[in-house]
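Under numbering that gives the first Met the number 0, think of the first position of the first sequence as 0, with each following residue one higher.
Please read the structure below before turning to the comments.
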Amino acid sequence: MLYREIEDRLRAAVVSVLPEAAPESIQVRPCPDPQFGDYQSVALMQLARQRRTNPRQLAQEVVGRLDVSDICSSVEVAGPGFINFRLRPDAIAQALKGPLSGGSLFFEPAARPRTVVIDFSSPNVAKPMHVGHIRSTILGDALTRVMRLLGHRVITDNHIGDWGTQFGKLLVGWKTRLDPAALVADPIAELERLYREVNTASESDPAVLEEARRELVKLQEGDEENLRIWREMIALSQTQFDAIYDRLDIAFDHTLGESFYNPRLRSVVDELRRRGIARESEGAVVVFFDDDPQLRDHPALIQKSDGAANYATTDLATLEHRLTTWKPDLIIYVTDGRQQLHFQQIFAIFRRWHPDVPVDLAHVWFGSILGPDNRPFKTRAGEVIKLADLLDEAEERAFAVVSEKSPELPEAARREIARVVGIGAVKYADLSPNRQSDYVFDWDRMLALSGNTAPYLQYAYARIRSIFRRGEVQLDSGTPIVLEAPEELGLARGLLEFGLTLEAVVEDYRPNLLCTYLYDLAGRFARFYEACPVLKADEPQRSSRLALCELTGRVLQEGLAALGIKTLEQM
RNA sequence: GCCCGUGUAGCUCAGGUGGAUAGAGCAAGCGUUUCCUAAACGCUAGGCCGCAGGUUCGAGUCCUGCCACGGGCACCA
């Protein structure tokens, strides 16, 4: 990695001038504008400020002790004290040769691989998966893939909502109102109907509510009939989840729902009480955070006054289980931003409970899905959009476009292309915005197939494959690389940033950085493709450009795969 | 009331530790195909970065105060 090499040497030069400077504070990053150079460092300006010296002078002094002449054609101090580096084309060419001969693809595996448990998706039993589940599911999967690409050991766990008070009403509905034919036709719709009907009935009739409560208690006490129905509802729901995950190409290592932790809840509460972390208050068991200004006014309930545990209790038991089972270095929760306080509380309780356990806990939250009116999203009928319908629509729109662009392909091929393009578009639309922004749902934006979208990236890849379909080529470290045209240099420089991008994604849990990078790279390729003939070029340009195409194709494919998006040989 | 976010082009959004003239896509307008996929490329137009102060060589970015919107704040998850 050329930027790493420059950074290392710059650090050494800075330390030789200022022995007390912290090397980590000196960084090199891509130049915002290529007219200034390829990489730049602003660290000297900050160091000069701390030391109240002239930044330009300090930068000059450091540059005087810096030898990067084998990598850079120029090193300049510019403006108030930037250090700008311009790479030598032959150094870039050399950097491209590694991956051509089996070396790693512009990124290095993590120096210290971590064991990571990641909790995402978490749909509820007896409810359809809707657009509200899409962000957690797609974001969690993308983070998993990027971390695995960098060599981390990642364990995915789908913490499904398979326990709770809703089952009282569902059991009443199942026993008194079930339509067996409807259950066969669309199980989730039928379960949803049952819940709604009983819920409505219970609002006007206290007897129904009481009945639901009794059924719930029976379930909790292990009544065989109720357990059987409950398990069937879970199985029906799981089938639906699996169908969606299958279409999205997402798999979980474990699916341990809330019910799995049920037997452990009591001991969690007991232990927290015994240790004096929790105490009784107003009939409930509560953890107070008097010494924490952030949480002082927000005590956490771990047992309700009726003796039942709640969400916090389950999450604590889950945390404990994950810790003892997998011994992770890091646990990641991918949920919506509304749960920030909840996770602050859980993490704070956990730190008191296990002060010596060196696990990092991260709540990777994302903004809400809103409608065009900036309010929580609903369709006109007041129904949320089901995920399955969204995916259907995506594939349908993509099919129309494929059929228009490539009418010569047989229908089966067009269907397959539409599937990959449609699902890719949905995933990319979800991953490319900053995750913390609220999310305005819009069919056309979500399913767009041109501009900054997955199909644009897939198209760049398909064009590359099309070139290689026209002839076998042998590419290896002996392949000549000549970078002369600005489009060739631009593309080659783009390739070098892949690793930097992957690291940034993991650092801040932000897959949108990878989207931005790949979109920029595909743009560089498109410009190269317009300006530089490949197959018709004379040697050594021809081989060199083929090598550029090959490497670009690999980065696009690997990068998209890290987002959970597939590529196509043809589209 | 307190806490967490958000406010950038007509629309949807990017803008790692403060850095050089604020960037895309869509929509609008004008071009490019005897040539490896035009699902592409080029050009034009479009901006008191919510408002007002402050910190400093330098603020979309940091601090304070307002305004607007979303969310959260003990027995839902």
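The beta carbon of each residue, even a glycine, is placed where N, CA and C say it ideally should be.
According to DSSP, residues forming a beta bridge with residue 573: Absent from the model: residue 573. The displayed extent of the chain is 0 to 570, so no value can be given.
Limits of the unbroken alpha helix (DSSP H) element including residue 198: 186 to 203
Residue 548 beta carbon less than 7 Å from that of residue 463: yes
Selected residue, minimal CA-CA separation from residue 38, among 51, 24, 74: 74
Three-state class that DSSP yields for residue 435 in the structure shown: coil
Supposed contact pair residue 115 and residue 574 - C-beta distance, whole angstroms, cut 8 Å: A question about residue 574 goes unanswered here, because the residues of the chain that appear run from 0 up to 570.
Rounded separation between residue 561 and residue 448 - CA only: 20 Å
Beta-carbon spacing of residue 366, residue 252 below 7 Å: no
Residues bridged to residue 71 [DSSP beta-bridge criterion]: 86
Inside the stretch 382 to 453 only - alpha helix (DSSP H) runs reaching at least 4 residues: 386 to 404, 410 to 430, 442 to 445
Residue from 52, 50, 80, 51 with nearest C-alpha to residue 62: 80
Which listed residue (287, 3, 424) has its alpha carbon closest to that of residue 441: 424
Check whether residue 20 and residue 14 have beta carbons under 7 Å apart: yes
Close-in-space but distant-in-sequence residues of the same chain around residue 1 (CB under 7 Å, 5 per side omitted): 70, 86, 90, 94, 495
Reduced DSSP category for residue 302 - H, G, I as helix; E, B as strand; rest coil: strand
Contact between the stretch 125 to 139 and the stretch 327 to 341 (3+ Cβ pairs under 8 Å): yes
Own chain, CB closer than 7 Å to residue 162, minus 5 neighbours either side, in chain order: 256, 257, 258, 261
Sufficient close CB pairs (3 or more, under 8 Å) joining the stretch 220 to 228 to the stretch 137 to 155: no
Assigned exposure category for residue 183 - 16 Cβ within 10 Å defines buried: exposed
Reduced DSSP secondary structure (H/G/I, E/B, other) of residue 379: Unreliable positioning characterises residue 379 in this predicted model, as indicated by a pLDDT of 49, which lies under 50. The coordinate reading is nonetheless provided below. In this structure, residue 379 counts as coil in the three-state DSSP scheme.
Euclidean distance between Cα positions of residue 546 and residue 472: 9 Å
Inter-residue Cα distance where the pair is residue 475 and residue 136: 39 Å
Nearest candidate by alpha-carbon position, reference residue 144, set 513, 541, 520: 513
Per-residue DSSP class, three states only, for residue 121: coil
Straight-line Cα distance separating residue 107 from residue 321: 29 Å
Beta strand (DSSP E) segment containing residue 280, residue limits: 277 to 280
Under 7 Å between C-beta atoms of residue 58 and residue 41: no
Secondary structure, beta strand (DSSP E): runs of 3+ residues fully inside the stretch 97 to 185: 114 to 118, 152 to 156
The stretch 165 to 173 contacting the stretch 225 to 232, beta-carbon criterion three pairs below 8 Å: yes
Beta-bridge partners of residue 341, as assigned by DSSP: None, per the DSSP bridge assignment.
Where residue 249 falls: helix, strand or coil (DSSP): coil
Residues that residue 362 bridges to, as DSSP identifies them: 332
Buried or exposed by the 16-neighbour rule on C-beta atoms within 10 Å, applied to residue 353: exposed
Residue span of the beta strand (DSSP E) that contains residue 21, given as start and end: Premise fails: residue 21 is in no beta strand (DSSP E) and is neither H nor E.
For residue 564, the nearest candidate out of 523, 419, 531, 445 (CA to CA): 419
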